[in-house]
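Visitor:
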Ligand code: AP5
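In this note's numbering, the protein residues as written are 20 to 243.
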């Protein structure tokens with residue numbers, strides 16, 4: 020298979036970031052996560068960060084035009100020419116069409132949209148237990164993947180804190196926005212015959228195994 024161009028879809032807390040970490044290690048792919056890029060922009064108080072912050076704090080989507088410019092600039096950096104993992108993009112039909120148009124222009128296409136699905140009750144619990152370290156944003160979970168020392172990162176020793184948008188009221192808003200704006204992409208990619216559903220309600224390892232098996236099948240199909 021010449022290129023592995025992957026999109027990760029799924030509700031907040033489904034495990035997109037967690038599984039992306041595994042994918043990029045297993046398949047040596049660059050990781051492009053819009054949420055992470057936006058949080059970096061907010062931290063550095065760049066023009067983009069200043070524009071994005073109020074939307075993110077409220078659990079709303081950052082406007083499409085800002086996101087599409089950010090992603091197309093990122094994909095043009097060269098390291099994604101042989102494949103990529105996109106986490107959190109696209110999130111609207113406008114973004115999906117912009118991505119398709121850009122890839123078509125380059126003679127490329129998406130390999131698969133991996134839809135990590137998990138029930139609302141489960142993702143709400145995961146998000147209430149998520150903690151990130153302030154230094155490198157390593158992710159833990161007080162229920163499912165606790166750090167060895169309370170409130171300290173196992174990797175770099177820095178303080179752990181909850182993400183601001185993991186506040187329960189903001190999570191409700193994020194889930195509603197997902198259902199309204201992002202879930203329609205499931206049909207969008209199914210129609211293009213590249214949607215692969217993964218049951219994300221299982222353990223992290225079980226979900227990772229299912230994704231690996233899905234990609235192995237894709238590679239096999241490409242080879243025959
Ligand atoms: P973003 O950062 O993309 O947030 P999200 O999509 O809501 O996803 P999360 O990061 O909350 O969840 P995840 O699925 O990655 O779960 P994780 O692996 O961390 O976006 C944030 C904001 O930025 C948006 O609200 C919006 O404002 C803006 N934005 C971003 N992209 C945009 C776009 N394209 N357009 C417009 N605006 C955009 O796991 C969660 C927790 O569960 C962790 O603690 C983890 O350890 C644990 N966990 C993971 N898997 C399992 C498992 N299988 N079992 C048990 N625990 C698990």
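Glycine included, each C-beta is placed from N, C-alpha and C at the ideal position.
Check whether the Cβ of residue 33 lies closer than 7 Å to any heavy atom of the ligand AP5, and answer yes or no.
Guide: For the ligand AP5, at least one heavy atom lies less than 7 Å from the Cβ of residue 33.
Visitor: Count the CB pairs spanning the segment 31-49 and the segment 141-160 that are closer than 8 Å, and state whether there are at least three.
Guide: Contact between the segment 31-49 and the segment 141-160 is present, because at least three Cβ pairs lie under 8 Å.
Visitor: Residue 108: beta carbon under 7 Å from a heavy atom of the ligand AP5?
Guide: Under cutoff, so the answer is yes.
Visitor: Give the C-beta separation of residue 213 and residue 129 to the nearest angstrom, bearing in mind that I take them to be a contact with Cβ-Cβ under 8 Å.
Guide: Sure, about 6 Å apart at Cβ, within 8 Å.
Visitor: Would you grab the beta carbon distance between residue 136 and residue 54 for me? Rounded to a whole angstrom, and I think it's under 8 Å.
Guide: Between residue 54 and residue 136 the Cβ distance is about 19 Å, and since that is not below 8 Å, they are no contact.
Visitor: Would you say residue 158 touches the ligand AP5, meaning its beta carbon is less than 7 Å from a heavy atom?
Guide: Yes, since a heavy atom of the ligand AP5 falls inside the 7 Å radius drawn around the Cβ of residue 158.
Visitor: With a Cβ-Cβ cutoff of 8 Å, do residue 104 and residue 43 count as a contact?
Guide: Yes, the pair counts as a contact, with Cβ atoms nearer than the cut-off.
Visitor: Please classify residue 107: does DSSP put it in a helix, a strand, or coil?
Guide: If DSSP states are grouped into helix, strand and coil, residue 107 belongs with coil.
Visitor: If you draw a straight line from the alpha carbon of residue 183 to that of residue 242, how long is it in whole angstroms?
Guide: Between residue 183 and residue 242, the C-alpha separation is close to 45 Å.
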